[in-house]
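Residue 167 is where the sequence shown ends in full-length UniProt numbering, and the numbering goes up by one at each step.
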Amino acid sequence: MPDDEPSSPVCYANEADAIYMGYAGRDELIAALTELLEAERAGDRIAHASTKDAPDTGYGDLMRAVRGDEAHWCAMLARYLKRLDATVSTRCGAFHQKAMAIADPWERLAFLNRGQQWVVRKLETLMPRVRDDGLYADLRKMRDSHRVNITMAEMLLNSPDGPSTPA
Ligand SMILES: [Fe+2]
């Protein structure tokens, strides 16, 4: 086998080796990061809309925090997609419409939290297949931040200030 083909772009030079070793190739990474980006964009919009009908301050504070995080991860994912020379999707995941069809803010929060758990599962499937150390570290931060937000939402949903409180 010859060494690296001189015509290969630098960043993909060892892609065949990486795929052989079980790492995700460029196309698979782009698909996975795009799916996550569209999900995070949906989360950003749901959280933003939900701050407007917050039933209490804890709910509003959580939604503002979640929105800030979702926007942060959108920017991170877009940065890596650009680095992969991919077109950065401007679509918003279908999850957004489904969530906004839920009128009750507490039920919407529970639904959003299930979406956040889906994101954690996606990240945990993807992470072992990511070869790039920087991307791996950022995906791990994204997963950890999602876990914190999921726990905070569960605490709020189960707290005396949560949905069980009579209006
Ligand atoms: Fe998210």
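Every residue, glycine too, gets a C-beta built ideally from N, C-alpha and C.
Quick one: grab the DSSP three-state call for L84.
Collapsing the DSSP output to three states places L84 in coil.
Reference K82; option with closest CA among L37, Y20, G93 and A49
Cα-wise, what sits closest to K82 is L37.
Quick one: does the C-beta of W73 sit closer than 8 angstroms to a heavy atom of ligand 1?
Between ligand 1 and the CB of W73, the shortest heavy atom gap is smaller than 8 angstroms.
Among the candidates A137, Q97 and D53, whose CA atom is the shortest distance from the CA of residue 169?
Examination of residue 169 is not possible in this model, given that the chain is present from 1 through 167 alone.
Contact test: A39 Cβ vs ligand 1 heavy atom, cutoff 8 angstroms:
Yes; taking the cut-off as 8 angstroms, the Cβ of A39 has a heavy atom of ligand 1 nearer than that.
Per DSSP, what kind of secondary structure is C92 in: helix, strand or coil?
DSSP, reduced to helix, strand and coil, places C92 outside both helices and strands of the structure shown, so it counts as coil.
Could you tell me whether the stretch 145-161 touches the stretch 116-133, where touching means 3 or more Cβ pairs closer than 8 angstroms?
Three or more pairs of CB atoms, one per stretch, sit closer than 8 angstroms, so the stretch 145-161 contacts the stretch 116-133.
Any heavy atom of ligand 1 closer than 8 angstroms to the CB of V148?
No, the Cβ of V148 stays beyond 8 angstroms of every heavy atom of ligand 1.
S159 by DSSP, collapsed to three states: which one?
Coil, per DSSP.
Looking only at its own chain, which residues have a Cβ that is under 6 angstroms from the Cβ of E154, when we skip the five neighbours before and after it?
Closer than 6 angstroms at the Cβ level, and outside the excluded window around E154, lies no residue.
Pair every Cβ in the stretch 93-113 with every Cβ in the stretch 13-33, then say whether three or more of these pairs are closer than 8 angstroms.
Not touching, per the Cβ criterion.
Exposure label - S50; buried when at least 16 CB within 10 Å
Only buried fits S50, as 16 or more other CB atoms lie within 10 angstroms of its CB.
Is the beta carbon of L139 less than 9 angstroms from the beta carbon of L157?
No. Outside cutoff.
Among the candidates T57, H96 and I30, whose CA atom is the shortest distance from the CA of G115?
Considering only T57, H96 and I30, the residue with the shortest C-alpha distance to G115 is H96.
Do I46 and M100 count as a contact pair if the criterion is CB distance below 9 angstroms?
A contact, by the Cβ cut-off of 9 angstroms.
Could you check if D44 is buried or exposed, using at least 16 other CB atoms within 10 Å of its CB as the buried criterion?
Answer is buried; the Cβ neighbour count reaches 16.
Is G43 near ligand 1, judged by its Cβ being under 8 angstroms from some heavy atom?
Yes.
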